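For what it's worth, this note's numbering labels the leading residue of the sequence shown as 419, then goes sequentially. Ideal Cβ placement from N, Cα and C applies to all residues, glycine included. Quick caveat: nothing in here was measured; it's all calculated off a predicted structure. Accompanying notes for the structure given below.
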Amino acid sequence: KPTPEMIEKFKAGRATLKANPTILDTSIAKLSAAAQVPAKKFRDLMLSDEEDLGKFHALGAAIKEGLSDDIKKELEAHKKEVAEALGLPPPPSA
Numbered sequence: 419k420p421t422p423e424m425i426e427k428f429k430a431g432r433a434t435l436k437a438n439p440t441i442l443d444t445s446i447a448k449l450s451a452a453a454q455v456p457a458k459k460f461r462d463l464m465l466s467d468e469e470d471l472g473k474f475h476a477l478g479a480a481i482k483e484g485l486s487d488d489i490k491k492e493l494e495a496h497k498k499e500v501a502e503a504l505g506l507p508p509p510p511s512a
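Structure follows, in structure tokens:
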């Protein structure tokens, strides 16, 4: 369960991304073509105005559904870069 501090950091990271939506383009471009599609969907989810954490997590899980283990690993590594770029705490290891 996210703490109030985690929620505030997420909101700040989201604000950073909304202020500079191209901030992740270089990182996404380094991914394989197969991983770029879900990475762009995650970026778009971050840019959305969805405030309901339950819905947000469900949408994130739906993006990952059906992806190969290799793509999931690639996205996990990408998530760390995203966290750094947006000033978020490092994601927990899956």
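Within 10 Å of its beta-carbon, does residue i have 16 or more other beta-carbons around it, so buried, or fewer, so exposed?
| i | result |
| --- | --- |
| M464 | buried |
| E483 | exposed |
| H475 | exposed |
| A457 | buried |
| L471 | exposed |
Please state if the CB of residue j and the CB of residue i are separated by a distance shorter than 7 Å.
| i | j | result |
| --- | --- | --- |
| T421 | L504 | no |
| I441 | Q454 | no |
Straight-line CA distance for residue i to residue j?
| i | j | result |
| --- | --- | --- |
| E426 | E492 | 27 Å |
| A479 | A495 | 17 Å |
| E423 | S486 | 33 Å |
Would you mind working out which of the options sits nearest residue i, comparing C-alpha positions?
| i | options | result |
| --- | --- | --- |
| S466 | L506, P507 and K429 | K429 |
| N438 | M424, A452 and R461 | R461 |
| D488 | D443, K473, E469 and L449 | L449 |
| T444 | L506, V500, P507 and P509 | V500 |
| K436 | L477, P507 and E468 | E468 |
*Which runs of the alpha helix (DSSP H) fall wholly inside the segment 434-481 and span at least 4 residues, in chain order?*
443-447 and 451-465
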